[in-house]
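In what follows, a structure is listed as structure tokens, so that the remarks can point back to it.
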Amino acid sequence: MKKGAQLYEGKAKKVFATDDPQLYIVDYKDDATAFNGVKKGTIHDKGIINNRVSNHLMKMLEKAGVPTHYVEEISDRETVVKKVKIIPLEVIVRNIAAGSLSKRLGLPEGTKMRSTVLEYCYKDDALGDPLVNDYHIFALGAATREELDLIASYALKINQLLTDYLKDLNIELIDFKIEFGKTDDGTVILADEISPDTCRFWDSVTGEKLDKDRFRRDLGNVEGAYQEIMKRLLGE
Ligand code: TMP
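Using my numbering, the letters of the sequence shown map in sequence onto residues 71 to 306.
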């Protein structure tokens, strides 16, 4: 697999072409941002941890029947993935109230809700990724009804699989954000990453936050939390 030209640089990853037109290489950075890029920093070895954690979880999901972009991990920070066009939606699944939902609905963080909440944000940095519903999504042409039905069913299945898997590691899955992409033949698959950058993980015994909220909120021991997640998931 030959790494070709850089196609894109995002806040946390770079994407490269390869000599196979259907494959890309993603390269995870240590850069961390929050609040739509307003807060900036680095988290030592975050790129390595997120690469490995995301691949580990995507392999588990793939085995359980969720199609993902994962192909092969080729280095500490680099992974071969299927080429997709990202569907411009942040798909958020919430089990326990936290973050922006707590603020919006006045529910204290940690409030158990009666049922799982599924939200969509329209991916547009200039607009600050606004919350949208299915009517907005169809009106914008971001996804079709069929695609969104599939995305919703995958998101809820992923939530169940991740929640059960993490429970055994004493990690409570509070909420998470995922993204989907479409391959050239129109197949919808899970893309982007699943990592402490994109999930809220609370220690189920102590309640300690083991995710990017430590960076967003200046809680300290950010690196330690990322390392702890890698240790629990990968045993190292
Ligand atoms: P929120 O409560 O800030 O809306 O975040 C919900 C979930 O989405 C949380 O697990 C963190 C994740 N997230 C991202 O992955 N990227 C983002 O840009 C934001 C705002 C949240």
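Glycine included, every Cβ here is placed at the ideal spot set by N, Cα and C. In this text, all values refer to a predicted model and were calculated from it rather than measured experimentally.
{"Query": "Outcome for Y68 when other beta-carbon atoms lying within 10 angstroms are tallied against a minimum of 16", "Result": "Nothing about residue 68 can be read from this structure; the chain reaches only from 71 to 306."}
{"Query": "heavy atom of the ligand TMP below 7 angstroms from A102 C-beta", "Result": "no"}
{"Query": "Identity of the residue in T88, V136, A82 nearest A225 by Cα", "Result": "V136"}
{"Query": "Closest Cα partner of H206 within the set M300, K173, L159", "Result": "L159"}
{"Query": "The segment 114–128 touching the segment 263–274, judged by at least three CB pairs closer than 8 angstroms", "Result": "yes"}
{"Query": "S170 versus T268: straight-line alpha-carbon distance, rounded", "Result": "14 angstroms"}
{"Query": "I244 versus L220, D204, V187, I119, residue with shortest Cα-Cα distance", "Result": "V187"}
{"Query": "CB contact below 8 angstroms: A167 versus chain C", "Result": "No chain C is present in this structure, which holds just one protein chain."}
{"Query": "C-alpha distance - K73 paired with I95, whole-angstrom precision", "Result": "7 angstroms"}
{"Query": "Beta bridge counterpart(s) of V161 as assigned by DSSP", "Result": "Y190, I248"}
{"Query": "Sub-8 angstroms separation of G176 and I166 beta-carbons", "Result": "no"}
{"Query": "Proximity below 8 angstroms, CB of V161 to CB of E249", "Result": "yes"}
{"Query": "Test item: CB-CB of I228 and V154 under 8 angstroms", "Result": "no"}
{"Query": "Local Cβ density within 10 Å of F271, reported as buried at 16 or more and exposed below that", "Result": "buried"}
{"Query": "Whole-angstrom C-beta distance between A134 and L220, which should lie under 8 angstroms", "Result": "About 16 angstroms; that fails the 8 angstroms criterion."}
{"Query": "Through-space distance from E143 to Y118, alpha-carbon basis", "Result": "Looking at the sequence provided, one finds Ile at residue 118 rather than Tyr. Their Cα atoms are separated by approximately 11 angstroms."}
{"Query": "Collapsed DSSP secondary structure at F285 in the structure displayed", "Result": "helix"}
{"Query": "Sheet register partners of G198 (DSSP bridge)", "Result": "According to DSSP, G198 bridges with nothing at all."}
{"Query": "Any non-hydrogen atom of the ligand TMP closer than 7 angstroms to G256 Cβ", "Result": "no"}
{"Query": "V280 - DSSP class collapsed to helix/strand/coil", "Result": "Before going on, a small fix: residue 280 reads as Leu here, not Val. Of the three classes helix, strand and coil, the one that applies to L280 here is coil, per DSSP."}
{"Query": "Cα-Cα separation between E306 and Y78, rounded to whole angstroms", "Result": "31 angstroms"}
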